[in-house]
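Engineer: Residue numbers (numbering that gives the first Met the number 0), protein chains in the order written: chain F, 0 to 404; chain W, 0 to 271.
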Amino acid sequence: MDFLDTIKEKASSDGNADLNAFSQRGKKIIGYFCSYFPEEIIHAAGMIPYRMRATGKSDTTKGDIFFSSLNCTFVRRCFDKALNQHFDFLDGIIFLNGCDHTRRLYDNWRHADIKPDFRYMFVAPHKIGRLAEERFSEEMVNLKTAVENAFDLVITDDALRRSIHLYNKKRQLIAALYRERLKESVPIKGSELLSIMLTITMMPVEDAISLLETVIEKIDGRKTHKEGDLRVFMGGGCVEEIAHLELIESVGASIVADNLCLGYRHADMLCDESMDPFLSLARRYLNHFSCPRMMNDFRRRLDFLHTVKKEAAIDAFIFEKLKFCDLWGGEMYLCRQESRKHNYPILLLERELYGGSTGQIRTRIQAFFEQVRNQSYTPSELVVSAGNNYKAVMGGITREEKDHS
Amino acid sequence: MDGHELIFAGLDIGSLTAKAVLLENDIMIASAIIRVRPSALDSAKDVMNAVIMEKGLSEQDIACCCATGYGRLDIPFADLNMSEISCHGMGAFFTDNGIRTIIDIGGQDCKVIVVNEKGLIKDFIMNDKCAAGTGRSLEMLAKTLDVPLSSLGPLTLKSWRPIDITNKCSIFMELEVLDALYSGKKLTHIAAGLSDAVAKRVASLSASVQMENPVCVTGGVSKNKGVLKFLEKRMQRTFVVLPVDPQIAGALGAAVFAMRSFEKKEKEAFRK
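1. Just to confirm the assignment, what range does the alpha helix (DSSP H) spanning threonine 94/W have?
2. Take the Cβ of arginine 180/F as the centre, count every other Cβ of all protein chains shown within 10 Å, and call the residue buried at 16 or more, exposed below.
3. Can you name, in chain order, every residue of its own chain whose Cβ lies under 6 Å from the Cβ of alanine 17/W, other than the five neighbours on each side?
4. Using a Cβ-Cβ cut-off of less than 7 Å, give me the residues of the segment 74-97 of chain W that come near chain F, in sequence order.
5. Using a Cβ-Cβ cut-off of less than 9 Å, give me the residues of the segment 351-365 of chain F that come near chain W, in sequence order.
6. Can you give the beta carbon distance from tyrosine 35/F to glycine 97/F, rounded, assuming they're within the 8 Å contact cut?
7. Looking only at its own chain, which residues have a Cβ that is under 7 Å from the Cβ of isoleucine 120/W, when we skip the five neighbours before and after it?
8. Out of Val371/F, Phe297/F, Ile173/F, which one is the CA nearest neighbour of glutamate 212/F?
9. Applying a beta-carbon distance threshold of less than 8 Å, which residues of chain W neighbour asparagine 373/F?
10. Using C-beta distances below 7 Å, list every residue in its chain close to tyrosine 177/F, excluding the 5 sequence neighbours before and after it, in chain order.
11. Please tell me whether serine 279/F and glycine 189/F are closer than 9 Å, where the distance is taken between their beta carbons.
12. So, using beta-carbon positions, are leucine 259/F and methionine 233/F closer together than 9 Å?
13. Can you name the residues that DSSP bridges to leucine 229/F?
14. Is it right to say histidine 110/F is buried, meaning 16 or more other beta carbons lie within 10 angstroms of its own, or is it exposed?
15. Using only the alpha-carbon positions, how far apart do leucine 144/W and methionine 52/W sit?
16. What does a CB cutoff of less than 8 Å around isoleucine 28/W pick up in its chain, not counting 5 residues either side in sequence?
17. Measure the alpha-carbon distance for glutamate 231/W versus valine 214/W and round it to whole angstroms.
18. Within 9 Å of any Cβ in chain W, is that where the Cβ of glutamine 336/F sits?
19. Do you know how far the Cα of glycine 118/W is from the Cα of aspartate 288/F?
20. Our contact map puts alanine 49/W next to alanine 19/W with C-beta atoms below 8 Å; I'd like the distance itself, whole angstroms only.
21. List, in chain order, every chain F residue whose beta-carbon is nearer than 7 Å to that of aspartate 108/W.
22. If you reduce the DSSP assignment to three classes, tell me which class isoleucine 127/F lands in.
23. Evaluate the contact criterion for the segment 232-240 of chain W versus the segment 207-222 of chain W: three or more CB pairs, one atom per stretch, below 8 Å.
24. From this set, Ser11/F, Ile6/F, Phe2/F, which residue's C-alpha is nearest alanine 242/F's C-alpha?
25. Within 9 Å of any Cβ in chain W, is that where the Cβ of glutamate 8/F sits?
26. Tell me which same chain residues have a C-beta within less than 8 Å of the C-beta of glutamate 58/W, skipping the five on either side of it?
27. In whole angstroms, what is the alpha-carbon distance linking lysine 308/F and arginine 339/F?
28. Could you give the uninterrupted runs of the beta strand (DSSP E) lying entirely in the segment 17-66 of chain W, keeping only those of 3 residues or more?
29. Please go through the segment 176-218 of chain W and give each complete beta strand (DSSP E) segment of 3 or more residues, from N-terminal end onward.
30. Which residues of chain W have a Cβ atom closer than 8 Å to the Cβ of glutamate 369/F, listed in chain order?
31. Could you give the DSSP three-state label for cysteine 109/W: helix, strand or coil?
32. Which runs of the alpha helix (DSSP H) at least 4 residues long sit entirely within the segment 150-211 of chain F? Give them in chain order.
33. Let's see if you can read the secondary structure: which residues bound the beta strand (DSSP E) around arginine 350/F?
34. At the 9 Å Cβ level, is methionine 234/W part of the contact set with chain F, yes or no?
35. If glycine 45/F and methionine 201/F are in contact, beta carbons under 8 Å, what's the gap, nearest whole angstrom?
36. Taking only three categories from DSSP, how would you classify asparagine 295/F?
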């Protein structure tokens, strides 16, 4: 089995076998939601942060008893897994006000009194700014105290600094993988990167670093795309279905950039290791490439569309939201307006997590790609990093013909 | 295959029916529509056999075959596949180069497709909520009325007072139909209410794209004159009538793409 296949297999499961082994060796595992959660604090406490996920579960029967069907499938599935004892390996769980659906998850978890006993609500600001940084920094100190009290341990500043250093290293490696995707020859698929992200967010950071180093070494010289594949940007929330990205790739695309919960945000911005660790964490987690939950950062995200179009030579944008996700709903509207203004091809999808309907989704995506091939090609001035004339023929129009027309 | 020019095949394996078209010298020489079989491959084989046998041909006589529809990926003898959105656009355009918008109402979805001056997709919208307003829901509701699907259109045209069906969901629509039946409403008015309900959904979908004239309707539901009547009224447009059976537009478009693909490869081979 190929190295990346092994990672995919691990990513597609809950990863409980590995995590149970850690538990047996005395390691505590703390689940968390959202990319605004500072894993460093958990690591500094000598525990393993585990990003909560809906993988490996096929329905929401029990979850639907607690949640209305107007809640997104991510929280309903996660809660269903909890009710079915899929998260019994956890020693603690930290919720985040990423959105109101995950906020409600905290209420239901407490109400149902499901394991683990340590359940904590961590509140991240919805705005970026100096006041928010200070507030967020206090929230981190509160979290540290709560963890110390619950598990009877001490998190020293030195331990936290060491953790920050390791997580910075992990970020640099992820960023290196993202840079590789900017190349003309894309050495790693979007679906493969998603597998890696799912895997490294359920293992100790030391192992994650070693895995990322191996991946970078193994993909050297690799080419994953076919002639004529479109270079695609993916935007969306907690997209964790590897098969969904594989479907997009299978109809003629190479996903080379993203704004996903498990995506670029994990690579963007390092923590300043020279300053107060809590303030440094607050600054990094508030200012990294943002999610639509951040209410005063729309312009930066829209500007990113233009930057990424040039840097990654994007041919088409796909944005998607889970049903009932208002945050991504608003974001998609703005992105569509911005894309139309600049004549960027954009496809908006609304779907359920692990919701099936692959036939319809495939048709829509394939037709969108056919439409893009019919009408546009990446002008040479936008191909900054992708080399010369790499896409001479697109949909029957050669660059020479287009330039002379 | 004496006396034949190059022949190109288009297959449209949908959710309810499978369609095939043969093209020779830019002319459609055969077409067939069958009810789908248990597998996409069986449907493709059977519908292909129907057209090639009609013309006394064999599979080897087909220069290139393109598949479309929901079963398009499962046809090993197809040389390429295209989305049904491209194929319906191209198929309608091929029969009338003036057409710019195609409303395709198929078995399980409907699409509004705007094409450019080459018949290629310029913009499109496709229903993503449920199957209400498609062939499958009409088929189910015709069963509730205990009339053949093909008579829904003629019944509609006889009505002067369509009932108002307010639900968007097919299941709730069925309850409304039953309620109308039990309260003694005329069959014609109920059929007209159903046709109008489908038209309402399609008209609402079409508001999301910038439609261009002339407009035509393809897909199985385009044969329902009742739906067409209400759709024209709701959209305040008059539809162009295609010179071919509108249900085979997707397969025809696929055959055109097969021809284009073959010609492109020939040109590339010649250049080498």
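We put the CB at the ideal spot given by N, CA and C, even for glycine. For clarity, every value in this text was computed on a predicted model and none was experimentally measured.
Structural biologist: Let's see:
1. Numbered from 1 along the second sequence, position 95 holds the residue referred to as residue 94/W. It spans 83-94 - the alpha helix (DSSP H) in which threonine 94/W sits, taken as one unbroken run.
2. Along the first sequence, one-based indexing puts residue 180/F at 181. Under the 10 Å beta carbon count, arginine 180/F is surrounded by 16 or more other beta carbons and is classified as buried.
3. The residue given as residue 17/W occupies position 18 in the second sequence. Within the same chain, alanine 17/W has close Cβ partners Ile33, Val35, Ser42, Val46.
4. Met81, Ser82, Glu83, Ile84, Ser85
5. Listed in sequence order: Ser356, Gly358, Gln359, Ile360, Arg361, Thr362, Arg363, Ile364, Gln365.
6. The count along the first sequence starts at 1 and reaches residue 35/F at position 36. The count along the first sequence starts at 1 and reaches residue 97/F at position 98. At roughly 7 Å, the Cβ-Cβ gap stays under 8 Å, so tyrosine 35/F and glycine 97/F are in contact.
7. Position 121 of the second sequence holds residue 120/W. Excluding residues within five positions, the ones whose Cβ falls inside 7 Å are Ile84, Ser85, Gly88, Ile112, Val114.
8. One-based indexing of the first sequence puts residue 212/F at position 213. Minimum Cα distance to glutamate 212/F is reached at Ile173/F.
9. Against the first sequence, residue 373/F aligns to sequence position 374. Ordered by position in chain W, the residues that pass the 8 Å Cβ test against asparagine 373/F are Asn115, Lys117, Leu119, Ile120, Lys121.
10. One-based indexing of the first sequence puts residue 177/F at position 178. These residues qualify, in order along the chain: Tyr263, Ala266.
11. Within the first sequence, the letter at position 280 stands for residue 279/F. Within the first sequence, the letter at position 190 stands for residue 189/F. Against a cut-off of 9 Å, the Cβ pair of glycine 189/F and serine 279/F comes out as no contact.
12. Counted from its first residue, the first sequence places residue 259/F at position 260. Counted from its first residue, the first sequence places residue 233/F at position 234. Yes, Cβ-Cβ distance for leucine 259/F and methionine 233/F is below 9 Å.
13. In the first sequence, counting from the first residue as 1, residue 229/F sits at position 230. Paired residue(s): Ala252/F.
14. The count along the first sequence starts at 1 and reaches residue 110/F at position 111. The residue is exposed, with fewer than 16 neighbouring Cβ atoms inside 10 Å.
15. Position 145 of the second sequence holds residue 144/W. Position 53 of the second sequence holds residue 52/W. Their backbone Cα atoms lie some 38 Å apart in a straight line.
16. Within the second sequence, the letter at position 29 stands for residue 28/W. Here the set comprises Ile6, Leu21, Leu22, Lys54.
17. On the second sequence, residue 231/W is found 232 positions in, with the first residue counted as 1. On the second sequence, residue 214/W is found 215 positions in, with the first residue counted as 1. Their Cα atoms are separated by approximately 10 Å.
18. The sequence position of residue 336/F within the first sequence is 337, counting from 1. With 9 Å as the cut-off, glutamine 336/F does not count as an interface residue toward chain W.
19. Against the first sequence, residue 288/F aligns to sequence position 289. Against the second sequence, residue 118/W aligns to sequence position 119. Before going further, note that residue 288/F is phenylalanine rather than aspartate in the sequence given. In a straight line, the C-alpha of phenylalanine 288/F is about 41 Å away from that of glycine 118/W.
20. As a working note, residue 49/W is residue 50 in the second sequence. As a working note, residue 19/W is residue 20 in the second sequence. Indeed, because the Cβ distance is near 7 Å, the residues count as touching under 8 Å.
21. Against the second sequence, residue 108/W aligns to sequence position 109. Neighbours of aspartate 108/W on chain F, chain order: Gln359.
22. In the first sequence, the residue the question calls residue 127/F occupies position 128. Coil at isoleucine 127/F, not helix or strand.
23. yes
24. As a first step, residue 242/F must be located in the first sequence, where it is residue number 243. Closest option to alanine 242/F, Cα to Cα, is Ser11/F.
25. Along the first sequence, read from residue 1 onward, the residue named residue 8/F stands at position 9. The beta carbon of glutamate 8/F does not come within 9 Å of any beta carbon belonging to chain W, so the residue lies off that interface.
26. Within the second sequence, residue 58/W is the residue found at index 59, counting from 1. Close CB contacts of glutamate 58/W within its chain, under the 8 Å cut and outside five residues either way in sequence, are with Met47, Ile51, Phe76 (chain order).
27. Taking the first residue of the first sequence as position 1, residue 308/F is located at position 309. Taking the first residue of the first sequence as position 1, residue 339/F is located at position 340. The alpha-carbon atoms of lysine 308/F and arginine 339/F are separated by roughly 14 Å.
28. 26-34, all fully within the segment 17-66 of chain W.
29. Runs found: 214-217.
30. Numbered from 1 along the first sequence, position 370 holds the residue referred to as residue 369/F. The answer, in chain order, is Met81, Ser82, Ile84, Ser85, Leu119, Ile120.
31. Numbered from its first residue, the second sequence carries residue 109/W at position 110. Strand, per DSSP.
32. 156-180, 189-199
33. Start at 1 with the first residue of the first sequence, and residue 350/F comes out as number 351. Counting along the chain, the beta strand (DSSP E) containing arginine 350/F begins and ends at 345-350.
34. The count along the second sequence starts at 1 and reaches residue 234/W at position 235. Not one chain F Cβ lies under 9 Å of methionine 234/W.
35. By 1-based counting over the first sequence, the position of residue 45/F is 46. By 1-based counting over the first sequence, the position of residue 201/F is 202. With a Cβ gap of about 17 Å, glycine 45/F and methionine 201/F do not count as contacting.
36. Within the first sequence, numbered from 1, the residue matching residue 295/F stands at position 296. DSSP places asparagine 295/F in coil when its eight states are reduced to three.
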